[in-house]
Amino acid sequence: MNSIWSETVNLKTFHSLDQNMTVDTAVIGGGLAGILTAYKLKEHGVESIILEAGEICSGQTKNTTAKITSQHGEIYDKITKYYGHELAAQYAAANENAIKEYEQIITQRNLECDFEKKDACLYSTEEENTLDREYMSASAAGIDCYMTEKTDLPIKITDALVFKNQAQFHPLKFVGGIIDDLKCFEHTAVTRIVGSTIYTKNARIEAKNIVIATHYPFINFPSYYFLRMSQERSYVAALEGKGVKLDGMYIGSGKESLSFRSYGDYILLGGGAHRTGVVPSKMPFDMLSEKAQELYPNHKITAKWSAQDCVTVDNIPYIGRFGDDNSNIFIATGFGKWGMTSSMVSAGIISGLICGSPPDYGEVFSPQRFKFAAARKNIFTNTKETVKGFSAHLKRANGELHNLPVGTAKEIKYKDKKAGAYRDENGRIYIVTLKCPHLKCKLNWNDSTKTWDCPCHGSRYSFKGELVDNPAQQSSILIAEEDGNAVN
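Have a look at this one:
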């Protein structure tokens, strides 16, 4: 399930770090946020390296819909309500500035990355008008926007809020145009940080400043980020065809909304979001296939993929100093579905803090902020799912390997312990522990992605037991492999 981005670009590869180093700044995480942070530090004359556990942009960057927009759902009304007009204006300024910075980099470097200026539209299909307050809050925050009832969408809407002069692009083409200037090390997983020392399997790095841009922080203590965030899965289908006009980028208001954008002859249709580790009532890719047939019957699905979205309890990213006692460690996380602008925002804030010239919009993103009223709903949900994740270990697993169909998984009792089993297309059976290595919640099977997912904090493992998404750091949960023919 590769995205159209990863199918059309092969990024430069880098060797792993195998010797000790001393640097000014070490950026942990080779996604867009880490790359842009290193890029901006280089502009300021600061030496930095990027440490990536896998390959550059092998995580969420390659699985995005690549909308560069300050339109992040109904965020401005929420910030205004709980934090005030000034911080809502900061959020708007930061993200609008991010759009301009992308355009500036692309123009200055003459990058060919399919960058297009587009309007971004938040639409509603509900009879009750739910977008008026968001319109007023966004306008007051400084966004150039307007309300309309007309769109290019093939669905009936009640109203829509349009943000003008937003953008879209090919994210990996963009990265390919700036990565040559940066010092990167792939397959270099960080195992721990002690003071200003970073440890990997084969090397030790002394760094004056450390930036954690790993999507989800891999350090649990202090700051307890795992108590302040959750993770969600989202799904995309690329529909290929001609003759359909879709000018702009769209996302619906509400839990079961759809996302739309164009790319050449493709329409990218997104939806089916759900909390990681919580099994949806209907498989998201099945839902997208049905919607594609209904809305664009002359198009065919030529690619489909999914992404992991890290969400803070108040839906605003955490960008800044990692904690009160970690003045040399910085964090960028919790971007939700808006990683393109949030990556540029985090690069500006963190590089500014390191260089002593932070932008004036950093307060709204401060990791030290907390207002219970703004976070109440998500805190309740996170607590409920965590309790369920731990208590699920108490339920018995009565399944057996006998007659496990090809391409399916189930919970079994293996050597007197609960385990998960999956039979691949060759009949090979992979048996894994269902206890997440992160904080021991029970893993659940996601049939859409063929992974074992944690409902507590979002760690994911492949059916072979290989680590796919953090915060877990243990590379494998595999217990055993068996010949399926021998089992039957």
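Sequential numbering from 27 applies to the sequence shown in the working numbering.
Each residue gets a CB set at the ideal place from its N, CA and C atoms; glycine is no exception.
Can you give the beta carbon distance from residue i to residue j, rounded, assuming they're within the 8 Å contact cut?
| i | j | result |
| --- | --- | --- |
| T63 | S392 | That pair is no contact at about 17 Å. |
| A229 | Q45 | 6 Å |
| G274 | Y149 | G274 to Y149, Cβ: 10 Å. No contact. |
| Y387 | Q116 | 4 Å |
| Y487 | L469 | 7 Å |
| E437 | K444 | 6 Å |
| T106 | A114 | 4 Å |
| A167 | A358 | A167 to A358, Cβ: 22 Å. No contact. |
| G549 | P248 | Absent from the structure is residue 549, since the part of the chain shown begins at 27 and ends at 514. |
| I75 | G60 | With 8 Å as the limit, I75 and G60 do not qualify as a contact, their Cβ atoms being about 10 Å apart. |
Short of 7 Å in beta carbon distance, which residues of its chain neighbour residue i, apart from the five on each side in sequence? Order them along the chain.
| i | result |
| --- | --- |
| N121 | S96, T367, V371 |
| R218 | Y225 |
| V494 | T477, R486, Y487, S488 |
| M309 | D473, S474 |
| Y172 | V188 |
| A435 | G446, A447, Y448, W471, F489 |
| G491 | Y456, V458, S502, I503, L504 |
| G360 | M255, C336, V337, T338, P343, Y344 |
| I375 | I345, G346, P384, P385, G388, F391 |
| N496 | T240, H241, Y242, F244, S485 |
| G296 | T91, S260, Y261, V262, L284, S285 |
Could you tell me the alpha carbon to alpha carbon distance between residue i and residue j, rounded to whole angstroms?
| i | j | result |
| --- | --- | --- |
| H196 | K439 | 46 Å |
| M162 | Y289 | 31 Å |
| I503 | K363 | 28 Å |
| D450 | G378 | 49 Å |
| L179 | A146 | 13 Å |
| L187 | W471 | 37 Å |
| Y276 | E100 | 13 Å |
| W7 | S260 | What the structure shows of the chain is the stretch from 27 to 514, and residue 7 is not part of that stretch, so it cannot be assessed. |
| T475 | T338 | 24 Å |
| L294 | T91 | 7 Å |
| D340 | N89 | 24 Å |
| L37 | G202 | 6 Å |
| H241 | G55 | 8 Å |
| Y344 | V390 | 9 Å |
| I380 | E258 | 31 Å |
| E508 | H483 | 30 Å |
| P306 | I94 | 29 Å |
| Q86 | L198 | 11 Å |
| V432 | R454 | 9 Å |
| L137 | A52 | 26 Å |
| E112 | K441 | 59 Å |
| K397 | Y251 | 15 Å |
| V270 | R395 | 45 Å |
| R135 | I204 | 8 Å |
| L157 | E78 | 40 Å |
Comparing the CB of residue i with every heavy atom of the ligand MG, is any distance shorter than 7 Å?
| i | result |
| --- | --- |
| I457 | Because no ligand of any kind appears in the structure shown, any question about the ligand MG cannot be addressed here. |
Which residues bound the beta strand (DSSP E) around residue i?
| i | result |
| --- | --- |
| D495 | 493 to 495 |
| T223 | 223 to 226 |
| M47 | 47 to 54 |
| I503 | Segment: none, I503 is in no beta strand (DSSP E) and carries neither H nor E. |
| M255 | 255 to 266 |
| S488 | 486 to 488 |
| N246 | Run containing N246: none; DSSP gives neither H nor E here. |
| T477 | 477 to 479 |
| K234 | 230 to 238 |
Enumerate in chain order the residues of its own chain whose CB-to-CB distance from residue i is below 6 Å, with the five nearest sequence positions on each side excluded.
| i | result |
| --- | --- |
| E142 | Q194 |
| A329 | I30, A264 |
| K66 | A373, S377 |
| D50 | V72, E73, K234 |
| S256 | V337, N408 |
| C480 | G303, C462, C467, L469 |
| T324 | Just to set this straight, residue 324 is Asn in the shown sequence, not Thr. Here the set comprises G267. |
| D103 | R159, E160, S163 |
| N404 | V339 |
| I132 | F141 |
List the endpoints of the continuous alpha helix (DSSP H) containing residue i.
| i | result |
| --- | --- |
| T214 | Segment: none, T214 is in no alpha helix (DSSP H) and carries neither H nor E. |
| M162 | 158 to 166 |
| W31 | 30 to 34 |
| G378 | 365 to 381 |
Which same chain residues, not among the five before or five after residue i, have their C-beta less than 8 Å away from its C-beta?
| i | result |
| --- | --- |
| S42 | F211, E212, H213, T214, N228 |
| S222 | E232, A233, K234, I236, N354 |
| K3 | In this structure the chain extends from 27 to 514, so residue 3 is not present and cannot be described. |
| S165 | C171 |
Hey, which unbroken runs of the alpha helix (DSSP H) at 4 residues or more fall wholly within the segment 270 to 356?
-> 310 to 321
Residue ranges of each alpha helix (DSSP H) within the segment 169 to 206, 4 or longer = 197 to 204
Where in the segment 64 to 141 do unbroken runs of the beta strand (DSSP E), each at least 3 residues long, occur, reported from the N-terminal end onward?
-> 74 to 77
List in chain order: all unbroken alpha helix (DSSP H) runs of 4+ residues lying wholly within the segment 385 to 470.
-> 398 to 417
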